[in-house]
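A.B. asks: Sending over a structure as structure tokens; questions will come in a sec.
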Amino acid sequence: MQEPFSLLAPLPPAASLFAFSILPGVFLLALALAAVFSAVLAYHWVRYGKNIINMKSVGTIYLAGVLFSLGMMFFGMQ
Amino acid sequence: MIVSFETGERIILKARRHWFVFVMQVLPLAFFAILPIILFAWDALRENPSSGASLPLFFSGLLYLVLWILFFIVWTNYYFDVFILTDRRIIYISQKSLFSRRISSSRLDRVQDVSAEVSGMMPTFLNYGNIYVQTAAEEKEFAIHDIPNPDIVKDRILAEHSAAARAPAEVIITEKKGE
């Protein structure tokens, strides 16, 4: 009996090319996107928010979220 | 802070846009953030849940990364948009986007007229609105948007304006060389 369609099903063998060639590229692009925007935001916080925001806590929360999502992507690639 | 204060200048009031405005900007991001959770929950509740969910996990991570960065851009724009009333000046830093901001400043004794506007259902319930300050300075009108308790802020500006108008003008006398 055929398995019902599932969005979360493991990748079929035909999709392995996609998984091995495109996913790491997308991951690297996401990494670059995160690096660029982190630099832009950090610049703004340091330049304009010196006495307005608590840089340490805001930076920690931001980085935690970025690392969490990058971690999700990394484990999704495995 | 990007604004430098004069020596002895005292901050009386600092106000940002109302939190509801920020929540409304963040709401679409929250909607997209919930979608993967619903997808994974729906899969887990099925009779035969999927064992390897690698591709959805990957794209969920990508979605969360984009949403997280967008959230912090929105938050930065919200938090850096600030109105400051000191005992000498009114300062309004309008952060339009990450690379666009406008800093307006006027001395209190140059303020001519202040008006507060609360328009709409949510602004009326939550008591936030706009303040318009007419000045004799180069910047003719300040428009400060979505400030909480605009009536109180307006009264405070007028009170400080009256105090500044009553205070004697500062006179600086310098001696000329050779006299």
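If you're matching them up, the sequences are chains C and U in order.
Heads up: the first sequence begins at 1 in my numbering, then just goes up one per residue.
Heads up: the second sequence begins at 1001 in my numbering, then just goes up one per residue.
We treat Cβ as the ideally placed atom computed from N, Cα and C, and that holds for glycine.
(1) Tell me the rounded alpha-carbon separation between Glu1009 (chain U) and Ile1090 (chain U).
(2) Ignore the nearest five residues each way along the sequence and tell me which others in Ala1165 (chain U)'s own chain have a CB closer than 6 Å to its CB.
(3) Do Arg1157 (chain U) and Val1114 (chain U) have their C-beta atoms within less than 7 Å of each other?
(4) If we cut at 7 Å on Cβ distances, does Gly59 (chain C) have a partner in chain U?
(5) Any C-beta of chain U sitting closer than 7 Å to the C-beta of Ala30 (chain C)?
(6) CB Phe27 (chain C) to CB Met72 (chain C), shorter than 7 Å?
(7) Helix, strand or coil, according to DSSP, for Ser1004 (chain U) in the structure here?
(8) Could you name the residues of the segment 1072-1096 of chain U whose beta carbon sits closer than 9 Å to any beta carbon of chain C, in the order they occur along the chain?
(9) For Glu1138 (chain U), is the classification buried or exposed, using 16 other Cβ atoms within 10 angstroms of its Cβ as the cut-off for buried?
(10) Taking Ser944 (chain U) as the query, report the chain C residues whose CB atoms sit under 7 Å from its CB, ordered along the chain.
(11) Let me make sure I understand the geometry here. Which of U:Ile1011, U:Ser1004, U:Phe1022 and U:Glu1006 has the alpha-carbon closest to that of Pro1148 (chain U)?
(12) Quick one: using the 10 Å Cβ neighbour count with 16 as the cut-off for buried, is Pro1150 (chain U) buried or exposed?
(13) How long is the line joining the alpha carbons of Pro1036 (chain U) and Leu23 (chain C), rounded to whole angstroms?
(14) Return the residues of the segment 39-52 of chain C that lie within a Cβ-Cβ distance of less than 8 Å from chain U, sorted by chain order.
(15) Nearest to Tyr1128 (chain U) by CA position, among U:Lys1154, U:Ile1103, U:Ile1034 and U:Pro1028, is which residue?
(16) Between which residues of its own chain and Phe1059 (chain U) is the CB-CB distance below 7 Å, once the five residues before and five after are set aside?
(17) Can you give the Cα-Cα distance for Trp45 (chain C) and Glu1047 (chain U), rounded to whole angstroms?
(18) Less than 7 Å between the beta carbons of Gly1061 (chain U) and Ser69 (chain C), yes or no?
(19) Could you tell me if Phe1080 (chain U) is buried or exposed, where buried requires 16 or more neighbouring beta carbons within 10 angstroms of its beta carbon?
(20) Could you name the residues of the same chain whose beta carbon sits closer than 7 Å to that of Glu1160 (chain U), not counting the 5 residues immediately before and after it, in chain order?
C.D. replies: Short version:
(1) 11 Å
(2) Asp1109
(3) In the sequence under discussion, the amino acid at residue 1157 (chain U) is Ile, which differs from the Arg named in the question. For Ile1157 (chain U) and Val1114 (chain U), yes; Cβs fall inside 7 Å.
(4) no
(5) yes
(6) no
(7) coil
(8) Phe1072, Ile1073, Trp1075, Thr1076, Tyr1079, Phe1080, Val1082, Ile1093 and Gln1095
(9) exposed
(10) Lying outside 1001 to 1179, the shown extent of chain U, residue 944 (chain U) is not represented and no answer is given.
(11) U:Phe1022
(12) buried
(13) 18 Å
(14) Val40, Leu41, His44, Trp45, Arg47, Tyr48, Gly49, Lys50, Asn51 and Ile52
(15) U:Lys1154
(16) none
(17) 48 Å
(18) yes
(19) buried
(20) Ile1012, Leu1085, Asp1087 and Leu1108
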